[in-house]
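Asks: In the order they appear, the protein sequences are chains A and B.
In terms of full-length UniProt numbering, the first sequence has 66 at position 66, counting the first letter as 1, and numbering is strictly consecutive.
In terms of full-length UniProt numbering, the second sequence has 187 at position 187, counting the first letter as 1, and numbering is strictly consecutive.
Just so you know, even glycine gets a beta-carbon here, dropped at the ideal spot from N, CA and C.
Protein chains: 2
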Amino acid sequence: MTTRIFIVDDHYMIIEGIRSLLQHGKGLEWMGHAMNATSCMAFLQTHQPHIILLDINLPDVSGIELCKEIKAKYPKIGIIGLSSYNQQSYINKIMDNGASGYVLKNATKEELLDAIETVMDGQKYLSEEAALIVKKNVGSKIPIITRREKEVLSLISEGLTNNQIATKLFISITTVDTHRKNLLAKFEAKNTATLIRMATHLEFI
Amino acid sequence: MTTRIFIVDDHYMIIEGIRSLLQHGKGLEWMGHAMNATSCMAFLQTHQPHIILLDINLPDVSGIELCKEIKAKYPKIGIIGLSSYNQQSYINKIMDNGASGYVLKNATKEELLDAIETVMDGQKYLSEEAALIVKKNVGSKIPIITRREKEVLSLISEGLTNNQIATKLFISITTVDTHRKNLLAKFEAKNTATLIRMATHLEFI
DNA sequence: TGTACAATCCCCTAAAAACAGGATTTTATT
DNA sequence: AATAAAATCCTGTTTTTAGGGGATTGTACA
């Protein structure tokens, strides 16, 4: 049986690279590519790939979101996340949204083929480096914050003071202060500076 | 005359992609690739490419630094910066360090060939999107900060208070305060939160 | 040898954030 | 209906920042 592969990435060079890497793989059929979420979903209405290689950073919707959508409509398709970054947060997010694998863009041909094979087999695959990161970061918590906290966090990062945030959200300044305290505690940050730095690096903002 | 091309990038998929895109270009000779700064410099001791395609994000030294080094030792080599990001700060930095061009990783084959040709011609090249960004951001200043300010900024982002920074740098707290004020002014930030957010996004931290 | 700029230091005041302890009311979820 | 979690509010105190105004020393550059 041939494995039908489709790729979603907004970089020509990556698309070309992967095509070149996979072209001579046995039992693989290159179905083409999409460069954004919209044209990917359009493609899927008429075609059925077995595996989608999905970039996490897309121009319109994020790859994470797209992954969720695809899985909801076509649960049989195996999705392998692609990214330049071996950040825990990315890996977790896409795997939580139904992906079956995660491969870094500096993966070798062998790793890529391995990933495809493993996922076709019904198993999950993490590229070596990704697996290392996950292992290393076991226990290093990614804070779970609430809607309201996220809202406050975002306004803090925009430079608003507690007072201004209170006015904007029609709540008391003491409430804002409480949210702020909780944010500091959840991120284990000593002050606003660290809070914003960590939140930025963990893609909360 | 054939144009000898060398590429420095730490992503196999990108290397493959570019090779695939350039393979059938007329008058181009693919010399190979390096995946980090060290092996790039080693290669240059024995080989003389005309053009180096240089990724900005490298694992060891940053592409910006490497660009500077290459230009210092081999001023004749034309360097084209490669990046996923069309951020003003990147474009400016690499162009200021001797690069002759800047191409995004989602550039088409034509753009890439155009860039190579233009640079071989002795001219500067910015990819369409990069040029747009630069144009759009004319006047939107990227602050110029001093060594000491950068040092203080970094310590602020790590959560140190003025007092702690003063102790660490063996200077008075009032000096730290002054640096802090200057940072806020240069970034046009109202408070620490915005300062850190802007500094992070502009890659100062 | 000016001049600009970086780096250092100082005073004062007001505003904001951090820290410590609460409590009540909604809103989900089982 | 009970429980948990989220969101709201409160009274304090202390520490830290932000904003305003300075000044001095050294270095680099033209």
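1. At a Cβ threshold of 7 Å, is B/GLU16 touching chain A?
2. Kindly indicate the opening and closing residues of the beta strand (DSSP E) around A/LEU28.
3. Do you know whose CA, among B/GLY25, B/PHE204, B/LEU53 and B/HIS24, lies nearest B/PHE6's CA?
4. Sorted by chain position, which residues of the same chain lie with C-beta nearer than 8 Å to B/ASP10's C-beta, five sequence neighbours on each side aside?
5. Do we get a CB-CB distance below 7 Å when we pair A/ASP177 with the residues of chain B?
6. Kindly list, in the order they appear in chain B, the residues whose Cβ is closer than 8 Å to that of A/SER84.
7. If I follow the unbroken beta strand (DSSP E) through residue 244 of chain A, where does it start and stop?
8. When DSSP labels each residue in this structure, what does A/THR46 get in the three-state scheme?
9. Rounded to the nearest angstrom, what separates B/GLN48 and B/CYS40 at their Cα positions?
10. Rank A/GLU203, A/THR167, A/VAL176 and A/THR38 by C-alpha distance to the C-alpha of A/ILE142 and give the top, closest one.
11. Using a Cβ-Cβ distance cut-off of 7 Å, determine whether B/THR200 contacts chain A.
12. Could you work out which residue in B/ARG19, B/PHE43, B/ILE165 and B/THR118 is closest to B/ASP177 when comparing CA atoms only?
13. Excluding five sequence neighbours on each side, which residues of the same chain lie with their C-beta closer than 7 Å to the C-beta of B/LEU28?
14. Find the nearest neighbour of A/THR200 within the set B/LYS93, B/GLU151, B/ILE15 and B/SER157, judged by alpha-carbon distance.
15. Listing by chain order, which chain B residues have their CB less than 7 Å from the CB of residue 211 of chain A?
16. Measuring only between beta-carbons, confirm whether A/ILE173 sits less than 7 Å from chain B.
17. Any chance you could list the alpha helix (DSSP H) runs of at least 4 consecutive residues sitting entirely within the segment 74 to 154 of chain A, in chain order?
18. Return helix, strand or coil for A/ILE52, following the three-state DSSP convention.
19. Below 7 Å between beta carbons: does that hold for B/VAL119 and B/GLY63?
Replies: On the basis of the data shown:
1. As a first step, residue 16 of chain B must be located in the second sequence, where it is residue number 16. With 7 Å as the cut-off, B/GLU16 counts as an interface residue toward chain A.
2. As a first step, residue 28 of chain A is located in the first sequence; it is residue number 28 there, counting from the start. Counting along the chain, A/LEU28 sits inside the beta strand (DSSP E) bounded by residues 28 to 34.
3. Along the second sequence, one-based indexing puts residue 6 of chain B at 6. Looking at the Cα atoms, B/LEU53 is the closest of the given residues.
4. The residue labelled residue 10 of chain B in the question sits at position 10 within the second sequence. Within its own chain, the residues whose Cβ lies closer than 8 Å to the Cβ of B/ASP10, once the five positions on either side in sequence are excluded, are MET35, ASN36, ASP55, ASN57, LEU58 and PRO59, listed in chain order.
5. The count along the first sequence starts at 1 and reaches residue 177 of chain A at position 177. By this cut-off, A/ASP177 is not an interface position.
6. Taking the first sequence and counting its residues from 1, one reaches residue 84 of chain A at position 84. For a Cβ distance threshold of 8 Å, residue set HIS11, ASN57 and SER84 of chain B lies close to A/SER84, ordered along the chain.
7. No answer is possible for residue 244 of chain A: it lies beyond the span of chain A, which begins at 1 and ends at 205.
8. Working through the first sequence from its first residue, we reach residue 46 of chain A at position 46. The three-state reading of DSSP puts A/THR46 in coil, since its state is none of H, G, I, E or B.
9. Position 48 of the second sequence, counting from 1, holds the residue named residue 48 of chain B. Position 40 of the second sequence, counting from 1, holds the residue named residue 40 of chain B. Taking C-alpha positions only, B/GLN48 is separated from B/CYS40 by approximately 11 Å.
10. Position 142 of the first sequence, counting from 1, holds the residue named residue 142 of chain A. Selected option, being the one with the closest Cα: A/GLU203.
11. Locating residue 200 of chain B in the second sequence gives position 200, where the first residue counts as 1. Yes, B/THR200 counts as interfacial toward chain A.
12. Sequence index remark: in the second sequence, residue 177 of chain B carries index 177 (1-based). Measuring from the Cα of B/ASP177, the nearest candidate turns out to be B/ILE165.
13. Position 28 of the second sequence holds residue 28 of chain B. THR2, THR3, ILE5 and LEU22.
14. For the purposes of this step, residue 200 of chain A is taken as the residue at position 200 of the first sequence. Comparing Cα positions, the closest option is B/SER157.
15. Here chain A has residues from 1 to 205 only, and residue 211 of chain A is not among them.
16. In the first sequence, the residue the question calls residue 173 of chain A occupies position 173. No - not a single Cβ of chain B is within 7 Å of the one on A/ILE173.
17. Whole alpha helix (DSSP H) segments, 4+ residues: 88 to 96, 109 to 120 and 128 to 136.
18. Within the first sequence, residue 52 of chain A is the residue found at index 52, counting from 1. DSSP places A/ILE52 in strand when its eight states are reduced to three.
19. Within the second sequence, numbered from 1, the residue matching residue 119 of chain B stands at position 119. Within the second sequence, numbered from 1, the residue matching residue 63 of chain B stands at position 63. The beta carbons of B/VAL119 and B/GLY63 sit no closer together than 7 Å.
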